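*Asks:* Once you've had a glance at the structure underneath, I'll fire off some questions.
Residue numbers (this note's numbering), protein chains in the order written: chain A, 203 to 915; chain B, 333 to 656.
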C-alpha cells in the first residue's frame with residue numbers, strides 16, 4: 203500500500219506561484235480594451251442626493267463616462283436614497299486608473315440630509331427580535347438563577363471589526379453579447395453569478411465568474427457587494443470591460459463588518475461547580491434595510507450541560523450598512539461572553555478553570571436532544587493543558603511576575619458547528635495518467651487547492667503530483683460558498699465520492715474488457731496504486747485502459763450531501779485554547795507571550811495547512827482581543843480609522859509563540875472523509891483565553907474588546 | 333491624486349529655484365505621496381532632491397552632523413550613533429516599518445504631517461488642511477490626539493519619534509534658501525498650532541533642510557527612547573519619552589527629557605529636567621520628577637488616560653536610563 207497522500211505535510215501546491223507573483227488575482231487579469239471605474243461615495247448617512255455635479259470630472263482628460271443613475275440595477279440597499287455613509291452615488295469610468303481616481307475626487311454632490319443615528323447605544327432606538335433568532339429557553343432559567351448558590355453576572359462589549367484581507371475587493375466585468383464574464387475577488391463564484399444576474403435582470407446562465415486566487419477573505423467576500431454589481435452595470439452601460447478595485451478606505455464602506463455587540467451573561471452554579479442556570483442577552487448593530495444575525499447564541503445554548511438556559515438575541519437597526527459574517531461569525535463573541543463568565547465563576551469557586559468545564563460536560567446535545575458524533579473535548583483539555591504547561595499557572599491573580607511585568611495564564615473552550623452542504627464534483631482521468639478534479643469552490647488561503655487534491659489522490663490511487671484540483675470558476679460543478687468552515691467536509695467529500703466512482707468505473711471497464719489483463723477479475727479484488735490497477739496476479743493501468751478505449755480522457759460527475767444527518771447527530775469541532783500574557787502594570791500594555799491550542803476537528807487532511815489555519819485564527823483572535831476596532835464618528839456616520847495605519851491588525855511582533863495540535867481522530871458519522879470544519883473554530887477560543895489570562899495576571903476582569911492600555915492604567 | 337509636474341534637480345541652486353517657484357521637495361516620499369493619494373496634499377510641482385549631496389553622517393568631538401537625505405535606517409544603524417547617541421537610533425528604529433525606514437529621509441522625517449484621521453480625510457473639517465474650516469477631531473474620535481500644546485483650532489499630535497529625541501538633545505536644523513544658509517534650533521523649528529495650525533514649522537517658503545546637527549554632551553551616551561503603543565511595532569505612539577542623563581559622582585548633573593505622542597509638537601519637559609538635576613539617582617527622584625510630565629495637560633473626552641500614561645512613560649524611561 204502506497205503512503206496515503208492524506209496526512210502528508212505538503213506545502214500548498216500554488217505556493218511558488220503565490221510568492222513569485224505568478225498567481226493571478228482578480229484585478230490582475232489582462233483584458234483587452236479595459237477601462238477603469240472608480241466609485242464616488244456619499245458623505246452623509248441618511249438623505250437623498252439633491253444635486254450631483256460632474257462637469258469638472260468630465261472635463262478631466264481620460265474621463266469617459268460618469269454614471270449617476272443606476273437605472274434598474276438592484277443593490278442590497280435602497281438606490282433612491284442614502285441609507286449609510288459611504289453609499290455609492292456615482293461611478294467614474296476612465297481610460298486610466300489615475301484619471302478615474304482624480305475624476306471621482308472632482309464629483310461634487312449636495313444632499314437633502316436627514317437626521318441619522320449610527321450608534322447602537324443611542325437613546326430611544328428600539329431593538330428588534332430577528333425572525334430567525336427567536337428567544338430560546340429550556341428548563342426554568344429564572345428560577346434556577348434566583349436560587350443558585352453562586353452567581354456570576356457580567357456585561358461585555360465588543361467593537362465593530364473589519365476583515366481587512368490584504369487583497370482588496372476587485373472586479374473586472376466584460377460583456378460579450380449578452381454574456382457577462384467577471385473576474386471577481388469572491389469566496390463564492392456561483393453566489394456572485396446568481397446575485398449579479400438578479401441585480402442586472404439577466405439569466406444566471408449568462409454570467410460566468412472566475413476567482414482562481416483569493417487573497418484572504420475572512421467573510422468579506424461572501425456577499426456580492428455594490429462594486430461587483432456596479433462594475434457589471436458600468437461595463438454594460440459603456441460597452442467596454444470595466445475594472446473596479448476598492449481603496450482601503452472604501453473597503454470600510456463597501457463590504458460588511460463584524461457588528462459591534464453588547465452582552466449580558468449570568469451563570470448560576472452550585473458550590474460544587476455544577477452550572478445549573480445560564481441567561482444570555484445579546485444585541486448587535488444592524489442596518490435598517492436588511493436584517494443580519496449570526497451565531498452569537500450558539501455556544502451559550504450548546505457548549506455546557508446547563509439544564510436551565512435561556513438566550514435572547516436582539517438587533518438594533520441604525521443608519522449603517524449591513525454587517526456580514528466575519529471569521530467565527532457571532533460564535534466567537536458569544537463564546538467570549540460565555541468563557542469570560544466561566545472563568546469568573548471558576549475564580550469565585552476557587553476551582554481550576556479546566557476542572558470547572560469538565561464538571562459541566564454534557565452527555566448529549568442539549569439543544570437538539572441528539573447524541574454527539576464525536577466530542578473529544580476532554581482530550582483537547584488534556585493535551586492542551588499538558589503541552590502548554592497549564593499546571594504552572596498560579597491560581598491567585600497577580601501573583602506571578604517577571605521583572606516589572608505581571609504574567610498570567612488563561613484558557614477557553616472553543617467549538618463550532620461542523621457545517622456541511624451539498625456539493626458536486628467532476629473527476630477526469632487523462633490518457634497520460636494524470637487526473638483533474640473540478641468544483642466551483644474557492645481558496646481564500648486555507649489551501650483548498652492542495653487539501654482536496656490530497657483526498658482525490660487517495661481515492662484515485664494516484665500520487666499527489668498526478669492530481670490537480672481546479673476551483674475558481676462558476677461554470678464548474680456546484681459547490682457551496684467557501685466559508686463557514688464548510689469546504690473541506692463538503693468539497694472534500696464530493697471529490698472523494700466522485701473519485702471513488704471514477705476509480706470504480708475504470709475497474710469495471712477493465713474486468714469487462716477481454717483485452718485487459720484483469721479481464722474477468724472480481725472488481726472487489728482490484729487495488730489501485732500509482733495509477734496501476736492490480737490483482738495478485740495481473741495488472742492494468744488508467745493509461746492503458748484509456749488507450750485501448752481510444753479515449754483522451756474519461757469524466758465522471760458525482761455529488762455528496764449531508765442529507766438529514768444534522769437532525770440525528772450533533773457534529774461540532776472542539777478545542778481548548780491556552781494563552782500566556784504579560785501585563786506591564788505601569789504602562790497598561792498587554793502582550794501575548796504564547797498560545798497553544800488543541801483541536802478536535804476530526805481527521806486532519808493536510809497537517810501543515812491545518813496548522814497554518816490554527817495559527818492564522820490565533821492572529822485574528824489576538825487582533826480581536828487587543829487591537830481591532832472600527833471607529834464610527836456618530837456625528838455624521840463616517841468611519842474614522844478607515845486605513846491599515848489607523849485600524850490596527852496584529853503585526854509579527856504581536857504574534858510570538860503560537861502553536862496548535864490536533865487530536866488524532868476522525869468523525870465517520872459527519873461525512874465520508876471523517877473531517878470537521880477547521881477554518882472558523884481557530885478564532886473562537888482565542889480572545890476569551892487572552893482576556894482570562896489578563897485577569898490571571900492582574901485580577902482585573904476586562905469585558906470590553908479590544909482591551910487597551912487605558913483599561914489597565 | 334491631483335495632476336502634478338515632476339522634475340529632478342541635481343544642484344542645490346536648481347532645487348532652491350524650483351522651491352521658490354512653489355515646488356514641493358520630495359525625498360523618500362513616504363509622507364507626501366501618501367497624502368497626495370488622499371488628495372490632502374495637492375502640489376502642482378514635485379521636485380525630486382535625491383541627487384543632492386546631503387548624505388553624510390559625521391561624528392566629531394563637537395557633535396553629530398546628519399545630512400538631510402540620509403535615510404532613517406542608515407542613521408539608526410550607524411555604529412558611532414548607536415554608541416554615542418543611542419536615543420536617536422532607538423527613536424528611529426521604533427518608528428514606521430523597516431521598509432519605510434529604508435526610504436524615508438531624515439529631513440522628511442521632521443517634516444512629517446499629522447496622523448490625525450480627520451486631517452487625512454478630505455471630507456472632514458480641518459483647520460490644518462483647510463484653514464478656517466473647523467476641527468472635527470476635537471469633538472470626534474480624539475483618543476490619539478494631543479493633551480499638550482493644543483489650541484481650539486487643532487489638537488493633532490506630532491507624529492515623529494526622531495523629532496522628540498532631537499528636541500531632547502537640542503539639535504539644530506541647518507537650512508538653505510536663496511538668501512543663504514541659516515540655523516534654526518529644533519525647539520524653534522516646530523510650531524504649536526495656535527490660531528495658525530497650517531503653519532507647522534519655521535521654514536521660509538522654498539527653504540531646504542540640508543542637515544541636522546546635534547551638539548555633543550556628557551548626557552548623550554546615557555540616553556534612550558521609550559515608545560508606548562497599542563501595537564508592538566509599526567504604530568504611532570500613545571506616549572513616548574526621550575531621556576538623556578548625565579550622572580556623575582552619584583548625582584544627576586544634567587537631564588534632557590522630551591515626550592511624544594501627547595503634544596502638538598515634540599515636547600520638551602524643562603520642569604522635569606529641573607527636578608532631576610542635582611538629585612541622587614533613584615526611584616524616588618524619577619517618580620517625583622516624572623509627576624511633572626503632564627503639567628498643563630488639557631485632555632479631551634477620550635484621551636484623559638494619556639495624562640497618567642505620559643507620567644508613567646517618563647518614569648519608566650528615567651528608571652531604564654538612570655537605573656533604579
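Each residue gets a CB set at the ideal place from its N, CA and C atoms; glycine is no exception. The structure presented is a predicted model; accordingly, all values stated were derived computationally and were not measured.
For the beta strand (DSSP E) holding residue 454 (chain A), just list the boundary residues, first then last.
*Replies:* Segment 450-456 is the alpha helix (DSSP H) holding residue 454 (chain A); no beta strand (DSSP E) there.
*Asks:* Go ahead and label residue 596 (chain A) buried or exposed: buried means 16 or more other beta carbons lie within 10 angstroms of its beta carbon, across all protein chains shown.
*Replies:* That one is exposed.
*Asks:* Express the C-alpha separation of residue 426 (chain B) and residue 661 (chain B) in angstroms, rounding to a whole number.
*Replies:* No statement about residue 661 (chain B) is possible, as the shown extent of chain B runs from 333 to 656 and does not include it.
*Asks:* Does the contact criterion of 3 or more C-beta pairs under 8 Å hold for the stretch 381-398 of chain A versus the stretch 613-628 of chain A?
*Replies:* No, they do not touch.
*Asks:* Out of curiosity, what's the CA-to-CA distance linking residue 355 (chain B) and residue 538 (chain B)?
*Replies:* So the two alpha carbons sit approximately 8 Å from each other.
*Asks:* Using a beta-carbon distance below 8 Å, is residue 443 (chain B) in contact with chain A?
*Replies:* Cβ-Cβ to chain A under 8 Å: no for residue 443 (chain B).
*Asks:* For the beta strand (DSSP E) that contains residue 759 (chain A), what are its first and last residues?
*Replies:* Start and end: 755-762.
*Asks:* Just list the residues that DSSP pairs residue 605 (chain B) with in beta bridges.
*Replies:* The partner list for residue 605 (chain B) (beta bridge, DSSP) is empty, contrary to what the question assumes.
*Asks:* To which residues of the same chain is residue 491 (chain B) closer than 6 Å at the C-beta, ignoring the five residues directly before and after it?
*Replies:* Only 444, 447 and 568 meet the Cβ criterion.
*Asks:* Who are the neighbours of residue 657 (chain B) on chain A, taking C-beta pairs under 7 Å?
*Replies:* This structure gives no information on residue 657 (chain B), because the portion of chain B shown stretches from 333 to 656.
*Asks:* Buried or exposed: where does residue 316 (chain A) fall if 16 or more other Cβ atoms within 10 Å of its Cβ makes it buried?
*Replies:* With fewer than 16 Cβ atoms within 10 Å of its Cβ, residue 316 (chain A) is classed as exposed.
*Asks:* Does the stretch 628-636 of chain A come close enough to the stretch 603-610 of chain A that 3 or more CB-CB pairs lie under 8 Å?
*Replies:* Judged by Cβ distances under 8 Å, the stretch 603-610 of chain A makes no contact with the stretch 628-636 of chain A, as fewer than three pairs qualify.
*Asks:* Using beta-carbon positions only, say whether residue 891 (chain A) and residue 812 (chain A) come within less than 8 Å of one another.
*Replies:* The answer is no: Cβ separation not under 8 Å.
*Asks:* Can you name, in chain order, every residue of its own chain whose Cβ lies under 6 Å from the Cβ of residue 809 (chain A), other than the five neighbours on each side?
*Replies:* Excluding sequence neighbours, residue 809 (chain A) sits near 211.
*Asks:* So, under 8 Å CB-CB, residue 896 (chain A) and residue 792 (chain A) are touching, yes? Tell me the CB distance rounded to an integer number of Å.
*Replies:* 6 Å between Cβ atoms; contact.
*Asks:* Residue 608 (chain B) and residue 584 (chain B) look like a contact to me (Cβ under 8 Å); what is the Cβ gap, rounded to whole Å?
*Replies:* About 5 Å separates the two Cβ atoms, so the contact holds.
*Asks:* Can you tell me whether residue 589 (chain B) is buried or exposed? The criterion is at least 16 other CB atoms within 10 Å of its CB, across all chains shown.
*Replies:* Per the 10 Å Cβ criterion, buried.
*Asks:* Mind checking which residues open and close the alpha helix (DSSP H) that includes residue 404 (chain B)?
*Replies:* That run of the alpha helix (DSSP H) goes 404-409.
*Asks:* Residues of the stretch 628-654 of chain B in Cβ contact with chain A at a cutoff of 9 Å, in chain order, please.
*Replies:* Residues 634, 635, 636, 637, 638, 640, 641, 644, 645, 647, 648 and 651.
*Asks:* Out of A:416, A:877 and A:305, which has the shortest C-alpha to C-alpha gap to residue 219 (chain A)?
*Replies:* Measuring from the Cα of residue 219 (chain A), the nearest candidate turns out to be A:416.
*Asks:* Quick check on this structure: which residue in A:802, A:276, A:240 and A:369 has the alpha carbon closest to the alpha carbon of residue 581 (chain A)?
*Replies:* Out of A:802, A:276, A:240 and A:369, A:802 has the C-alpha closest to the C-alpha of residue 581 (chain A).
*Asks:* Which chain A residues are close to residue 472 (chain B), counting only those with a beta carbon under 7 Å from its beta carbon?
*Replies:* Ordered by position in chain A, the residues that pass the 7 Å Cβ test against residue 472 (chain B) are 835, 837 and 842.
*Asks:* Who are the neighbours of residue 334 (chain B) on chain A, taking C-beta pairs under 7 Å?
*Replies:* Those within 7 Å of residue 334 (chain B) in chain A are 304.
*Asks:* With a floor of 4 residues, list each alpha helix (DSSP H) that falls wholly inside the stretch 423-509 of chain B, ordered by position along the chain.
*Replies:* DSSP runs (the alpha helix (DSSP H)) wholly in the stretch 423-509 of chain B: 430-435, 438-442 and 494-500.
*Asks:* Whole-angstrom Cβ separation of residue 572 (chain B) and residue 597 (chain B), contact assumed at under 8 Å?
*Replies:* Actually they are not in contact, since the Cβ atoms of residue 572 (chain B) and residue 597 (chain B) sit about 13 Å apart, beyond 8 Å.
*Asks:* Taking 8 Å as the threshold (C-beta atoms), are residue 516 (chain A) and residue 481 (chain A) in contact?
*Replies:* Not a contact, by the Cβ cut-off of 8 Å.
*Asks:* Which same chain residues end up closer than 7 Å to residue 252 (chain A) when comparing Cβ atoms and leaving out the 5 residues on each side of it in sequence?
*Replies:* Closer than 7 Å at Cβ, skipping near neighbours: 312, 313 and 314.
*Asks:* Residue 338 (chain B): buried (16+ other C-beta within 10 angstroms of its C-beta) or exposed?
*Replies:* So residue 338 (chain B) ends up on the exposed side.
*Asks:* Consult DSSP for residue 422 (chain A) and reduce its assignment to one of helix, strand or coil.
*Replies:* Three-state result, residue 422 (chain A): coil.
*Asks:* Where do the ends of the beta strand (DSSP E) carrying residue 827 (chain A) lie?
*Replies:* Per DSSP, residue 827 (chain A) belongs to no beta strand (DSSP E) and is neither H nor E.
*Asks:* Scan the stretch 446-458 of chain B for residues whose Cβ lies nearer than 9 Å to a Cβ of chain A and list them as they occur along the chain.
*Replies:* Of all residues in the stretch 446-458 of chain B, 447, 449, 450, 452, 453, 454, 455 and 456 have a Cβ within less than 9 Å of some Cβ in chain A.
*Asks:* Can you pull the chain B residues whose beta carbon is under 9 Å from the beta carbon of residue 853 (chain A), in chain order?
*Replies:* 429, 563, 564, 565, 566 and 567, listed in chain order.
*Asks:* What are the partner residues of residue 189 (chain A), as DSSP defines its beta bridges?
*Replies:* Only positions 203 to 915 of chain A appear in this structure, which leaves residue 189 (chain A) out of reach.
*Asks:* With 8 Å as the threshold, decide whether the Cβ of residue 911 (chain A) is near any Cβ in chain B.
*Replies:* It does; some Cβ of chain B falls within 8 Å.
*Asks:* Can we say the stretch 492-508 of chain B touches the stretch 449-461 of chain B, given the rule of at least three CB pairs closer than 8 Å?
*Replies:* No: the two stretches stay apart, fewer than three of their Cβ pairs being nearer than 8 Å.
*Asks:* Please go through the same chain and pick out, in chain order, the residues whose beta-carbon is closer than 8 Å to the beta-carbon of residue 874 (chain A), but skip the five residues on each side of it.
*Replies:* Closer than 8 Å at Cβ, skipping near neighbours: 695, 698, 699 and 762.
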